[in-house]
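Visitor: Below you'll find the structure I mean.
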Amino acid sequence: MTEIIPPELESSLKQHREEMSRCYALLIANPYRAQSILDEMRGEIVKTAVTLMEHRIPLEIPKKPRTLTDVLQEAAAEAGMMLGSNAVASGVSFFRNVKEQVNQKAEPLDEEELLVYEDEEGNFFYIDDDGNEVDCDRFGNEIQED
């Protein structure tokens, strides 16, 4: 089924595209004006959504579940808009470092499985690589004799 797009909708969408292109050109020309340019872009996105809704184009809320990463990135971006990007730059790099460390810690460790035995008297031991019995606790931690 082919939908007929009204000429005024097409014209309005082209105007929104031109406005966004103008904003990107300004951003590329001078990234230090990002604060005001991004505010303009944000407003233009809202205007585009309004135009679509006025022409009965259905818009839905995204179904993608938000993750902790999404929330933290949005918070860092919003804080950057409020406080200035320099104030938040160290926070963003801190977030990246924490995320990398969490991911590294989440990886499984390469541990050998240790088989712990219990003798008749209730003492625990394991057999080391040389075939010797080593006294340990029930978790395989070697008991140091003083």
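According to our numbering, the sequence shown is numbered sequentially starting from -8. Every residue gets a Cβ at the ideal spot worked out from N, C-alpha and C, and that includes glycine. Just so it is clear, the structure is predicted and the values come from calculations on it, not from any experiment.
Kindly identify the DSSP beta-bridge partner or partners of residue 10.
Guide: Against the sequence shown, residue 10 aligns to sequence position 19. The partner list for residue 10 (beta bridge, DSSP) is empty, contrary to what the question assumes.
Visitor: With 16 as the cutoff for other CB atoms within 10 Å, does residue 113 come out buried or exposed?
Guide: For the purposes of this step, residue 113 is taken as residue 122 along the sequence shown, with counting starting at 1. It counts as exposed.
Visitor: When you compare the stretch 34 to 51 with the stretch 1 to 14, are there three or more beta-carbon pairs, one atom per stretch, that lie closer than 8 Å?
Guide: At 8 Å Cβ cutoff, the stretches touch.
Visitor: Using a threshold of 8 Å, state whether the C-beta atoms of residue 29 and residue 72 are closer than that.
Guide: For the purposes of this step, residue 29 is identified with residue 38 of the sequence shown, where counting begins at 1. For the purposes of this step, residue 72 is identified with residue 81 of the sequence shown, where counting begins at 1. Yes, the Cβ-Cβ distance between residue 29 and residue 72 is below 8 Å.
Visitor: Check residue 120 in the structure and name its three-state DSSP category.
Guide: Numbered from 1 along the sequence shown, position 129 holds the residue referred to as residue 120. DSSP places residue 120 in coil when its eight states are reduced to three.
Visitor: Cβ atoms of residue 121 and residue 134: under 8 Å apart, would you say?
Guide: Taking the first residue of the sequence shown as 1, we reach residue 134 at position 143. Taking the first residue of the sequence shown as 1, we reach residue 121 at position 130. Cβ atoms of residue 134 and residue 121: not closer than 8 Å.
Visitor: Take residue -6 as the anchor and find which of 20, 47, 11 and 118 has the nearest alpha-carbon.
Guide: To locate residue -6, count along the sequence shown from 1; it is residue 3. Ranking 20, 47, 11 and 118 by Cα distance to residue -6 puts 47 first.
Visitor: From 15, 42, 16 and 119, pick the residue whose C-alpha is nearest to that of residue -3; which is it?
Guide: By 1-based counting over the sequence shown, the position of residue -3 is 6. Ranking 15, 42, 16 and 119 by Cα distance to residue -3 puts 42 first.
Visitor: Mapping DSSP to helix, strand and coil, what is residue 91?
Guide: As a position in the sequence shown, residue 91 is number 100, starting the count at 1. In this structure, residue 91 counts as helix in the three-state DSSP scheme.
Visitor: Spatial neighbours of residue 8 within its chain, please: C-beta separation below 8 Å, excluding the five flanking residues on both sides.
Guide: If you number the sequence shown from 1, residue 8 lands on position 17. So no residue of the chain qualifies.
Visitor: From what residue to what residue does the alpha helix (DSSP H) around residue 59 run?
Guide: On the sequence shown, residue 59 is found 68 positions in, with the first residue counted as 1. Note, residue 59: alpha helix (DSSP H), 59 to 74.
Visitor: I'd like to know whether the C-beta atoms of residue -1 and residue 14 end up nearer to each other than 8 Å.
Guide: The residue given as residue -1 occupies position 8 in the sequence shown. The residue given as residue 14 occupies position 23 in the sequence shown. Not closer than 8 Å, so no.
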